[in-house]
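Chemist: To start, I am sharing the structure in question, which I have written as structure tokens.
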Amino acid sequence: MKLYTILAAITAVSAHAIAPIAPRDDTATPNFGYNELYELQTTFWQKFQYPNSLIEAQSINSTVFSEDVQGRVSDTRDFLGRELNTEYIFGLFGGANGFSIVGVPGAFEIVQFSAQQNIAAASTRINFTFPSFGNVTYPVRIDTWITWNAAKQITQYDVVFRWFGFLLKTLLTSGDPTVSDADKLAKLVDVTAKSICGTHQTYCNGTNTQYASSDQCYEFLTKEIRVGESFELGMNTLLCRSIHEIMIKYRPNVHCAHIGPSGGDMCDDKIGYAQKVDDPLYTNSPWIPTVYS
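This is the structure we're talking about:
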């Protein structure tokens, strides 16, 4: 019995010494197949198409997204939570009431796609119609990284509108060739400011009021801030406020501040280039697959 006890102890120590490292617990991260991830990607773009986008926006809480969804669009800001993402991803493209540089999404084609585990990277070409620019239609390439949870809800996304600056310049200089680009820009500023101020007058009342009068609103938007470059849709610009104007009808108490003088932490210059690049936003899921087979 004594010899047995000694041998058992030696065996236990040896087994502990050479025991393999326990595999990483990936149970919280689903392992979808390639085809299923492609289907999830396709379903998202189908819901993004107009008028489906409007239907999702009106739900306020689209179950396309998880409750704790984290998102970033390259030329704007970070968007956290289901409500905000429902408004910005679907509501923004559900058709604007006033003048806007935002188009209405139509037919799409996924032209590049790679996926593993719960992660998909894709480049999709979407035909956008721009009502404020004579209903002209242009193809737009959107590059996306997306992760899904076990419920097949989007938990993270990172989005880049490829060649957006080129698109914006094309829109702003389109139209009558006899009119100078400077005059076209002046007209853009005028109609955009009037549209924002009209929306403010309609929805931003009481504690949501940002301007004492329409004249003050117009003066601020046309004289006290810059129009904005293509990468400044999340900065202290007219174009940033034009983007956020579309959201006001959904939740004035949240979005009125975004078109006001302060920018409501969505349209200001607080975030510099390096901070934007190094922003450690994503914590819901790894961007590198942990399953390789």
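Heads up: the sequence shown at position 146 corresponds to 146 in UniProt numbering, and the numbers run straight through without jumps.
Glycine included, C-beta positions come from ideal geometry on N, C-alpha and C.
Only a predicted model underlies this, so the values are computations on that prediction, with no experimental measurement involved.
Let me confirm a value: Arg82 is counted as buried when at least 16 other C-beta atoms fall within 10 Å, else exposed. Which label applies?
Modeler: Label assigned to Arg82: buried.
Chemist: Check Leu172 in the structure and name its three-state DSSP category.
Modeler: It is helical.
Chemist: Tell me, please, which residues DSSP counts as bridged to Tyr157.
Modeler: BP columns for Tyr157 point to Gly71 and Ile146.
Chemist: Anyone know if the C-beta pair for Phe90 and Ser132 falls short of 7 Å?
Modeler: In this structure, Ser132 does not lie closer than 7 Å to Phe90 by Cβ.
Chemist: Using the beta-carbon count (16 or more within 10 Å), is Tyr273 buried or exposed?
Modeler: Exposed, by the Cβ-count rule.
Chemist: Could you pull the DSSP bridge partners for residue 370 from this structure?
Modeler: Nothing about residue 370 can be read from this structure; the chain reaches only from 1 to 293.
Chemist: Under the assumption that Ser154 contacts Phe65 (Cβ atoms under 8 Å), give the Cβ distance between them as a whole number of angstroms.
Modeler: The question names Ser, but residue 154 in the sequence shown is Ile. Indeed they touch by this definition, with Cβ atoms about 5 Å apart.
Chemist: For Ser114, which residues does DSSP report across the bridge?
Modeler: Answer is Ala121, bridged to Ser114.
Chemist: Could you compute how far the alpha carbon of Pro139 sits from the alpha carbon of Glu229?
Modeler: Cα-Cα distance, rounded: 20 Å.
Chemist: Excluding the five sequence neighbours on either side, which residues of its own chain have a C-beta within less than 8 Å of the C-beta of Tyr34, listed in chain order?
Modeler: Within the same chain, Tyr34 has close Cβ partners Ala115 and Gln116.
Chemist: Could you pull the DSSP bridge partners for Thr137 from this structure?
Modeler: DSSP output for Thr137 lists Thr129 as bridge partner(s).
Chemist: Can you tell me where the beta strand (DSSP E) with Leu84 in it begins and where it stops?
Modeler: Premise fails: Leu84 lies in the alpha helix (DSSP H), Arg82 to Asn85, not in any beta strand (DSSP E).
Chemist: Between Tyr88 and Phe99, which are expected to be in contact by the criterion C-beta below 8 Å, what is the C-beta distance as a whole number of angstroms?
Modeler: Rounded, the Cβ-Cβ distance is 19 Å, inconsistent with contact.
Chemist: Pull up the DSSP beta-bridge partners for Arg162, would you.
Modeler: Note: Arg162 sits in a beta bridge opposite Arg141.
Chemist: With distances taken from CA atoms, which of Tyr38, Thr42, Gly94 and Ser74 is nearest Ile55?
Modeler: For the residues Tyr38, Thr42, Gly94 and Ser74, the minimum Cα distance to Ile55 belongs to Gly94.
Chemist: Figure out for me which residue from Val254, Asn97, Trp148 and Gly165 has the closest Cα to the Cα of Asp158.
Modeler: The residue with the shortest Cα to Cα distance from Asp158 is Trp148.
Chemist: Suppose contacts are defined by Cβ-Cβ distances below 7 Å. Is Val136 in contact with Ser123 by that definition?
Modeler: No.
Chemist: With DSSP as the reference, label Ser66 as helix, strand or coil.
Modeler: Of the three classes helix, strand and coil, the one that applies to Ser66 here is strand, per DSSP.
Chemist: Starting from Phe231, follow the alpha helix (DSSP H) in both directions and report where the run begins and ends.
Modeler: Looking at the DSSP string, Phe231 is not in any alpha helix (DSSP H), and its letter there is neither H nor E.
Chemist: With a CB to CB cut of under 8 Å and the five nearest residues on each side skipped, what residues in its chain are close to Ile259?
Modeler: Correct list, in chain order: Ile196, Thr199, His200, Cys204, Gln210, Arg241, His244, Glu245, Ile248 and Cys267.
Chemist: Please state whether the Cβ-Cβ distance between Trp45 and Phe128 is less than 7 Å.
Modeler: No, the pair does not count as a contact, with Cβ atoms beyond the cut-off.
Chemist: From the DSSP output, in three-state form, read off Phe79 for me.
Modeler: In the structure shown, Phe79 sits in a strand (DSSP, three-state: E or B).
Chemist: Quick check: the Cα distance between Thr5 and Ala28, rounded to an integer number of angstroms?
Modeler: Any reading at Thr5 needs caution, since the residue's pLDDT is 42, under 50, leaving its predicted position unreliable; the model's value is listed next. Roughly 41 Å separates the two Cα atoms.
Chemist: Are the CB atoms of Gln70 and Leu281 within a distance shorter than 7 Å?
Modeler: Against a cut-off of 7 Å, the Cβ pair of Gln70 and Leu281 comes out as a contact.
Chemist: For the alpha helix (DSSP H) containing Glu39, list its first residue and its last residue.
Modeler: Run containing Glu39: Tyr34 to Phe48, per the alpha helix (DSSP H) assignment.
Chemist: Just the C-alpha distance for Phe231 and Arg72, rounded to the nearest angstrom, thanks.
Modeler: Answer to the nearest angstrom: the Cα atoms are 13 Å apart.
Chemist: May I ask you to list the residues that DSSP assigns as paired with Val104?
Modeler: Partner(s): Thr129.
Chemist: What first and last residue would you give for the alpha helix (DSSP H) that runs through Arg241?
Modeler: It spans Leu238 to Glu245 - the alpha helix (DSSP H) in which Arg241 sits, taken as one unbroken run.
Chemist: Between the Cα of Asp279 and the Cα atoms of Ser74, Leu40 and Ala182, which residue gives the shortest distance?
Modeler: The residue with the shortest Cα to Cα distance from Asp279 is Ser74.
Chemist: Take Arg77 as the anchor and find which of Val227, Asn284 and Lys276 has the nearest alpha-carbon.
Modeler: The residue with the shortest Cα to Cα distance from Arg77 is Lys276.
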